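Taken in sequence, the protein lines are chains A and B.
Following the numbering used here, the numbering of the first sequence begins with 472 at its first residue and continues without gaps.
Following the numbering used here, the numbering of the second sequence begins with 22 at its first residue and continues without gaps.
C-beta: ideal position from N, C-alpha, C; glycine also.
Bear in mind that the values here come from a model prediction, so they are computed numbers and not experimental data.
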Amino acid sequence: MTRVRVQWPDKISAGDVVKVRMLIQHPMDTGYLQDFSGKLVPRNVIQSLTCTLGGQEVFRVVPSSGVSANPYFEFFVRATNTAEFKIEWTDDKGAKGQHLQIFNVTS
Amino acid sequence: MNADGWLRRKGLQSLLLSGLVWPGLGARVAYAQRMNSGRLQTFEDMVQPIVKGAPIFKKDVNLEAPILADNGSLVPVQIQVQSPMSAQDHVTHIYLLSQRNPVTQMALFQLGPWNGRAEVSTRVRLAGTQDVVALARLSNGEFRYSQMEIVVTESACVDAS
Numbered sequence: 472m473t474r475v476r477v478q479w480p481d482k483i484s485a486g487d488v489v490k491v492r493m494l495i496q497h498p499m500d501t502g503y504l505q506d507f508s509g510k511l512v513p514r515n516v517i518q519s520l521t522c523t524l525g526g527q528e529v530f531r532v533v534p535s536s537g538v539s540a541n542p543y544f545e546f547f548v549r550a551t552n553t554a555e556f557k558i559e560w561t562d563d564k565g566a567k568g569q570h571l572q573i574f575n576v577t578s
Numbered sequence: 022m023n024a025d026g027w028l029r030r031k032g033l034q035s036l037l038l039s040g041l042v043w044p045g046l047g048a049r050v051a052y053a054q055r056m057n058s059g060r061l062q063t064f065e066d067m068v069q070p071i072v073k074g075a076p077i078f079k080k081d082v083n084l085e086a087p088i089l090a091d092n093g094s095l096v097p098v099q100i101q102v103q104s105p106m107s108a109q110d111h112v113t114h115i116y117l118l119s120q121r122n123p124v125t126q127m128a129l130f131q132l133g134p135w136n137g138r139a140e141v142s143t144r145v146r147l148a149g150t151q152d153v154v155a156l157a158r159l160s161n162g163e164f165r166y167s168q169m170e171i172v173v174t175e176s177a178c179v180d181a182s
């Protein structure tokens, strides 16, 4: 099971530019490393990750095998109103992940 | 030759042999640990597939990372681009490029005026000591970049865990 942790400041007022930090639990296997029996672990990385805030895409990452296991991303977004923050991603195995959290704005 | 002399000679021989063999073994281990996979790409090789001849300047981008990274599997990197992030003038893409990794483009970030600030950070893998380039594409089609050398003591491409 993939777990996600997203964090932003507790108090956000409309118009603020806030920092969003997220940590996604994913092995991000590069395809170059071997397991203990000497077999190559097939590549399994997140192909694309998008963040939408109230239906609008605010951030998109296209990671590669060059991003560490359990990828961590940080970006900024301008807050306007309370909306639903959604993270979606797809990896090489075709597994899709989704995370929803309410982005609370106190005006 | 008496038995004592023969023994001493044998002892000296093995001492000499072990002296010759051990540095070789050490070098082999050191080589395996370094594992600078692949060749070092030139700046043009890294950047031109993305830039495709568009104007590019070394300014307005701030790349922050440790000068010496102990573990190549986890190197924190922060990229800041000086931009007003307005609808007319904003950063659309930020590329993180590696000089030595088997995959040159480590990550691509897509931003827009709704971000308010062109700043992202992540953690990357590095296959040995190399230059890392942060390349930002502006909304008018121009590019800005910043380059930094990161010394990696342990490459990301060697562990078997």
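Can you give me the Cβ contacts of residue i inside the same chain, cut-off strictly under 8 Å, excluding the 5 residues immediately before and after it?
i                           : result
serine 107 (chain B)        : Pro134
phenylalanine 547 (chain A) : Val488, Val489, Lys490 and Val491
alanine 90 (chain B)        : Val96, Leu147, Ile171, Val172, Val173 and Thr174
lysine 567 (chain A)        : Glu559, Trp560 and Thr561
Taking Cβ-Cβ distances shorter than 9 Å, what residues in chain A pair up with residue i?
i                        : result
valine 141 (chain B)     : Phe530, Val532, Phe544, Glu545, Phe546 and Phe547
asparagine 136 (chain B) : Val488, Val529, Phe530, Phe546, Phe547, Val548 and Arg549
glutamine 131 (chain B)  : Thr521, Glu528, Phe530, Arg531, Val532 and Val533
List the residues of chain A whose Cβ lies closer than 7 Å to the Cβ of residue i, in chain order.
i                        : result
methionine 127 (chain B) : Ser535, Gly537 and Val538
How far does the alpha helix (DSSP H) with residue i in it reach, from first residue to last?
i                       : result
glutamate 555 (chain A) : Not the alpha helix (DSSP H): glutamate 555 (chain A) falls in the beta strand (DSSP E), residues 554 to 562.
glutamate 65 (chain B)  : 64 to 72
Which same chain residues end up closer than 6 Å to residue i when comparing Cβ atoms and leaving out the 5 residues on each side of it in sequence?
i                           : result
glycine 45 (chain B)        : In this prediction, glycine 45 (chain B) has a pLDDT of 48, which is less than 50 and means its spatial position is unreliable; what the coordinates show is noted afterwards. So the list is empty, once near-sequence residues are dropped.
glycine 565 (chain A)       : none
leucine 84 (chain B)        : Ile100, Ala155, Ser167 and Met169
alanine 53 (chain B)        : For alanine 53 (chain B), the predicted model reports a pLDDT of 44, less than 50, meaning its position is unreliable; a value from the coordinates is still stated below. If we look at alanine 53 (chain B) and ignore the five residues flanking it on each side, it has no Cβ neighbours.
serine 536 (chain A)        : Thr501 and Val516
arginine 476 (chain A)      : Leu494
phenylalanine 530 (chain A) : Cys522 and Phe546
serine 94 (chain B)         : Arg146 and Ala177
leucine 61 (chain B)        : Gln120 and Arg121
proline 76 (chain B)        : Glu163
lysine 557 (chain A)        : Thr523 and Leu571
Check for me: the beta strand (DSSP E) holding residue i runs from which residue to which?
i                           : result
tyrosine 166 (chain B)      : 164 to 175
glutamine 572 (chain A)     : 567 to 574
asparagine 92 (chain B)     : 89 to 92
arginine 492 (chain A)      : 488 to 495
threonine 113 (chain B)     : 112 to 119
arginine 549 (chain A)      : 543 to 549
leucine 156 (chain B)       : 151 to 159
leucine 84 (chain B)        : 82 to 85
phenylalanine 130 (chain B) : 126 to 131
Using C-beta distances below 7 Å, list every residue in its chain close to residue i, excluding the 5 sequence neighbours before and after it, in chain order.
i                       : result
proline 542 (chain A)   : Ile495, His497, Met499, Ile517 and Pro534
arginine 138 (chain B)  : Met106
glycine 47 (chain B)    : With a pLDDT of only 45 at glycine 47 (chain B), under 50, the local geometry of the prediction cannot be trusted, and no value is derived from it.
isoleucine 71 (chain B) : Tyr116 and Leu156
serine 119 (chain B)    : Thr125, Met127, Leu147, Gln151 and Val153
Between residue i and chain D, is there a C-beta pair that is closer than 8 Å?
i                       : result
glutamate 175 (chain B) : The chain labelled as chain D is not found among the protein chains of the depicted structure, namely A and B.
Residue i: beta carbon under 7 Å from a heavy atom of the ligand ADP?
i                     : result
alanine 566 (chain A) : Ligands are entirely absent from the displayed structure, and the ligand ADP is therefore not among its contents.
Where DSSP assigns a beta bridge to residue i, which residues make up the other side?
i                        : result
tyrosine 523 (chain A)   : Per the sequence presented here, residue 523 (chain A) reads as threonine, with tyrosine not at that position. Its beta-bridge partners are A:Glu528 and A:Lys557.
proline 97 (chain B)     : B:Arg144
glutamine 478 (chain A)  : A:Arg492
alanine 139 (chain B)    : B:Val102
leucine 511 (chain A)    : A:Gln505
proline 534 (chain A)    : B:Ala128
aspartate 500 (chain A)  : A:Asn515
isoleucine 483 (chain A) : Answer is none; isoleucine 483 (chain A) lacks a bridge partner.
Counting only Cβ-Cβ distances shorter than 7 Å, please list the residues of the segment 96 to 124 of chain B near chain A, keeping chain order. Residues are counted here when their Cβ sits less than 7 Å from a Cβ of chain A; for the segment 96 to 124 of chain B these are Ser119, Asn122, Pro123 and Val124, given in chain order.
Which residues, in chain order, does the segment 81 to 95 of chain B contribute to contact with chain A at a C-beta distance below 7 Å? Taking a C-beta cut-off of 7 Å against chain A, the contacting residues of the segment 81 to 95 of chain B are Ser94 and Leu95, listed in chain order.
In the segment 142 to 166 of chain B, which residues sit with their C-beta less than 9 Å from some C-beta in chain A, listed in chain order? Answer in chain order: Ser142, Thr143, Arg144, Val145, Arg146, Leu147 and Ala148.
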